[in-house]
Every structure is written in C-alpha cells, then in structure tokens.
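**Q**
Numbering (the UniProt record's numbering), first residue to last: 1 to 500.
#1: What's the gap between the Cα of residue 111 and the Cα of residue 284?
#2: Taking residue 480 as part of the beta strand (DSSP E), name the residues at either end of that continuous run.
#3: Let's test the definition: count the other Cβ atoms within 10 Å of the Cβ of residue 382 and tell me whether it reaches 16, buried, or not, exposed.
#4: Below 8 Å on the Cβ atoms is my guess for residue 203 versus residue 160; work out the distance and round it to an integer in Å.
#5: Answer yes or no: do residue 370 and residue 16 have a C-beta to C-beta separation smaller than 8 Å?
#6: Would you call the CB atoms of residue 34 and residue 442 closer than 8 Å?
#7: Is DSSP giving residue 461 helix, strand or coil here?
#8: Quick one: Cα of residue 222 to Cα of residue 276, how far?
#9: Compute the Euclidean distance between the alpha carbons of residue 323 and residue 176, then round it to the nearest angstrom.
#10: Roughly how many whole angstroms lie between the Cα atoms of residue 79 and residue 37?
#11: What does the alpha-carbon distance come out to for the pair residue 499 and residue 396?
#12: Under three-state DSSP, which class holds residue 1?
#13: For residue 140, collect the residues of the same chain with a Cβ closer than 7 Å to its Cβ; drop the 5 residues on either side in sequence, then sort them by chain order.
#14: Smallest Cα separation from residue 483: which of 389, 422, 184 and 448?
#15: Looking only at its own chain, which residues have a Cβ that is under 8 Å from the Cβ of residue 256, when we skip the five neighbours before and after it?
#16: Quick check: what's the CA-CA separation for residue 66 versus residue 415?
#17: Can you tell me whether residue 405 is helix, strand or coil according to DSSP?
#18: Quick one: is residue 44 buried, meaning 16 or more other Cβ sit within 10 Å of its Cβ, or exposed?
#19: Helix, strand or coil: which one does DSSP assign to residue 419?
#20: What span of residues does the alpha helix (DSSP H) with residue 140 cover, start to end?
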C-alpha cells in the first residue's frame, strides 16, 4: 500500500514539474545557465572551487552535470531537472527521517510534502541553481545523522563523521545553510560536550576537512567569503519580519510573486492555521527530547540567523525558505498527527488522515498557485533567447556582450557558438564591499576573451528600456539596432562585410 502511494506521489510530482517546464516559467534564466556553462568549462579543463565572481556558493551541481554535457551538449530541460534529482533524494531521506517521529504512513506524508512541494518551492525545484537542491539534500542527511548521534551513547564513528561532514558541506554549499547546520549541531555538542575524542575531534575534523578547498581558495584570494555580498538596505528586524509576511506565504503557495493572496482574505486564515500547526509540532518535538530538538531548534532559530545575511531581504520567489523547509515539514506533520491522535480514532491515524492531509496539501498549497502562475503551455519557453541565438549565429557573430540576464542564456543555448561577457552598469563593476571580483562576471576567462575581441566582432544585447549605448565600443551609427526575442540587439555594421 505504501509503495503504491509512493509511486503515485512520485508520478504526480514529476508531472507537475513537466507542466511547469512547458509554461513560460520553464524559461532558463542566467543563474541557471551559469550552472550549465560552468559544467562546460570544467569539461574544458577548469577546476573551480566556488562560483565565479562571488565569495561563496559551491558548484557541485556543475560537476555533476559534466557527463551529460560531454555526451549530449547543451540542453535546457535536463539542466533544469538536475535540481529535481536532489529534491527526489531529499524526499527519500525525509521518509527515513520523519518515520522515526511519526511512523511509516505519516513519514510518507512528510516525504510527499517535500517532493510535491508547495507554491514557489515547486518552481524552485525546477531551477538549476547551484547548491539549492543539494543544500536541501545535505541538510536532511545531516539531520538524520545527528539524530543517530544523540540517540546512541556509543557514538558510532561513521555517524559522527557524517554529521560533521554534512554540517561542513552545508556551509560550503551556501553559507545560508549554516542557519540550520549550526542549530542542529548545538544538540550533540551539548549532550557530548565532554567527549573530546569521540565527538569533538572527529566531528570538527570532518567539517573542516570538507571545507579545505574553500579555505585554501580564501587564503589565496584575501578571504572574500568573509564579506557580505552587498550592502544591506534593510535592518535585521525588517528582514526577519519579511520572512513571515512575504517569504513563507509565497513559499507555501498562499501568495503570488507579486504579493497578492491567492485565496483572498481567507488565505490569511489558512496561513495562521498553518503556522499554528507548525508551532504545535515544534512543541511536541521539544517534548520528545534530544532527537526532537535536532528538528525543533533549526525550525525556530534558522529565521533569526538568516536575517543576519544582507541579501535575505529578497522574498519574491521564496527561494530562501528552502533552508528551513524540511524542518518545518516535520514539525507540521508532527503537529497534525498529534491532533489526530487526540481524537482517539485509530482508523484515522493509520492511513486515512495522512491521505486526507496529502490531498489538502495539494489542493490548497499547490494547485491554486500553479493555476494562477502557470496555466498556459507554450511551444518553447526559451523561444525568445533562441531567436537571439539564431540571429547571432546566422550573422556569424561569435561574441556578444551586455545584460547579465541575457548573455549567459545566449551562450548556453548556443552551445557556446556565441561566447558572451557582461557589460553595462552594474555588470562588470567593482564595488567596495567585494573588490576582488567584478560584479556579475561568472566566467572570467570567457569575459576576457570577449572583451579582447575586435569591436566589429562583438554584438551587444540589452533589455528594453536599459539600452546602455554609452558602453558600445564603436560609434552608435556604426551599429544596426534590431529588436529580437524581447531584447534589443546592436550589431556592428562593418561585421556584415567581413569575408568568411
């Protein structure tokens, strides 16, 4: 019965993702294109430690994508489904983690809530962002290992090493995951505070070991990871409040990206009930003891920790909820099950209640969001960028420069027939808070190659309303202005008369 249910859930989650990829929301953005382009660079011999032009974010996704690029070349859908692979792994681990608290049927519900994610998180699971899906997977794995440690006084060395390495890897993947890794580690650190040899040395040692590449890279580059990515325009309390007024409602499918409540005024009632169930679940987890605290403490403290990061004020796409998401899910399932158990109806507790909860989850927190934000299927969500690529390739342009959000997708979708560089404010600028890198320059080698090319060989691409013609390297009258694929191209006229 559980296996059949798991297969149905897996197929449903896959179908929702396929649907999203066939709508305008399935278009490839620049951050995703970077993941694919970095895989191509690795294939060509580069071995980067961290995301180009930043002081943080591991690029393991790109390394995992290398075999596919090597065999098949650049394709959008497989790249976007890479993240879903990590979500599937996280859902599988969630089952093994949650069933330690709520049993098999409710554990399947928790796993289903991860795989059939709500609202904006379902869309996020189709985004090929570096470290997000992997961070989710590593967080759940670390929680599982940590629970084994706090419930086994023998301190099995393999679980100690796995927990320490998991916490360290979470930080390496993206610093935001320290918001759950640190609270998780507080529990075994307190319980085994006197176990220097059996806990502290192997756990800390494994955490440091997985970060050796990051540490060496920082030593070589004057410690850019210690800098905030940008100066903050909001206070810490403001960011903290926005997590609950903007981030979580979008993540759970109760608000659209623009901030409108999907269910109208009743959405607020649903949201308060949801938070109430999570809080009740946290209380129940605390009552369980040490293993419950491994889940409860991150569920509570990840939000104030996250608010310390200056770039966490962005809530529109709900992406930062992924940090605390698995802990909120376990708390929610524990809370719901606790209320059902209090009804003293065993026939409900076993199978019926989890099924009803799963149906409500999909019907309230996912389907309405998909209906509002991704109702229409299109022939090709990436047709606009492909139209630009077709023009550049047909006119024999091998180089293009301009807006970050256009250049990287152009380079990826052209399978690097067109090499690109960012140009125009703020792209390529050096800012005082991170002077080691130029803003938005993800692939420095390609950037240098494009900017070193003859001006007559470089096309420029801008978003409408942001035509920064002052950066053109030739007089403006020596370019043909052409509107293609929702963008504005400036094509050097002299290029068209250069013989092949």
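For each residue, glycine too, the CB sits at the ideal point set by N, CA and C.
Treat the numbers as computed from the prediction; the structure is a model and nothing was measured.
**A** Looking at the coordinates:
#1: Working through the chain shown from its first residue, we reach residue 111 at position 111. Working through the chain shown from its first residue, we reach residue 284 at position 284. Approximately 19 Å, taken between the alpha carbons.
#2: Residue numbering aside, residue 480 sits at position 480 when the chain shown is read from its first letter. Unbroken beta strand (DSSP E) run through residue 480: 479 to 484.
#3: Residue mapping note: residue 382 aligns to position 382 of the chain shown, counting from 1. Under this definition residue 382 is a buried residue.
#4: Taking the chain shown and counting its residues from 1, one reaches residue 203 at position 203. Taking the chain shown and counting its residues from 1, one reaches residue 160 at position 160. Indeed they touch by this definition, with Cβ atoms about 5 Å apart.
#5: What you label residue 370 is simply residue 370 of the chain shown in a count that begins at 1. What you label residue 16 is simply residue 16 of the chain shown in a count that begins at 1. Taking 8 Å as the Cβ cut-off, residue 370 and residue 16 qualify as a contacting pair.
#6: Along the chain shown, one-based indexing puts residue 34 at 34. Along the chain shown, one-based indexing puts residue 442 at 442. In this structure, residue 442 lies closer than 8 Å to residue 34 by Cβ.
#7: Locating residue 461 in the chain shown gives position 461, where the first residue counts as 1. It is a strand residue.
#8: As a first step, residue 222 is located in the chain shown; it is residue number 222 there, counting from the start. As a first step, residue 276 is located in the chain shown; it is residue number 276 there, counting from the start. Taking the straight line from one Cα to the other gives about 46 Å.
#9: Locating residue 323 in the chain shown gives position 323, counting from the first residue. Locating residue 176 in the chain shown gives position 176, counting from the first residue. Straight-line Cα distance between these residues: approximately 7 Å.
#10: In the chain shown, counting from the first residue as 1, residue 79 sits at position 79. In the chain shown, counting from the first residue as 1, residue 37 sits at position 37. Cα-Cα distance, rounded: 10 Å.
#11: Indexing the chain shown from 1 puts residue 499 at position 499. Indexing the chain shown from 1 puts residue 396 at position 396. Low local confidence applies: a pLDDT of 44 at residue 499 is under 50, so the model's placement there is unreliable, with the coordinate-based value given in what follows. The alpha-carbon of residue 499 is positioned some 10 Å away from that of residue 396.
#12: One-based indexing of the chain shown puts residue 1 at position 1. It is coil, neither helix nor strand.
#13: Here residue 140 refers to the residue found at position 140 of the chain shown. The residues are 90, 93, 94, 97 and 326.
#14: Taking the chain shown and counting its residues from 1, the one referred to as residue 483 is at position 483. If we check each option's Cα against that of residue 483, 389 comes out closest.
#15: What you label residue 256 is simply residue 256 of the chain shown in a count that begins at 1. Closer than 8 Å at the Cβ level, and outside the excluded window around residue 256, lie 250, 262, 369, 372 and 373.
#16: By one-based count along the chain shown, residue 66 stands at place 66. By one-based count along the chain shown, residue 415 stands at place 415. Whole-angstrom Cα-Cα distance: 14 Å.
#17: Locating residue 405 in the chain shown gives position 405, where the first residue counts as 1. Helix.
#18: Walking along the chain shown from the start, residue 44 turns up at place 44. The residue is exposed, with fewer than 16 neighbouring Cβ atoms inside 10 Å.
#19: Stepping through the chain shown from its first residue, residue 419 is reached at position 419. Reduced to three states, the DSSP call for residue 419 is strand.
#20: Here residue 140 refers to the residue found at position 140 of the chain shown. Run containing residue 140: 132 to 151, per the alpha helix (DSSP H) assignment.
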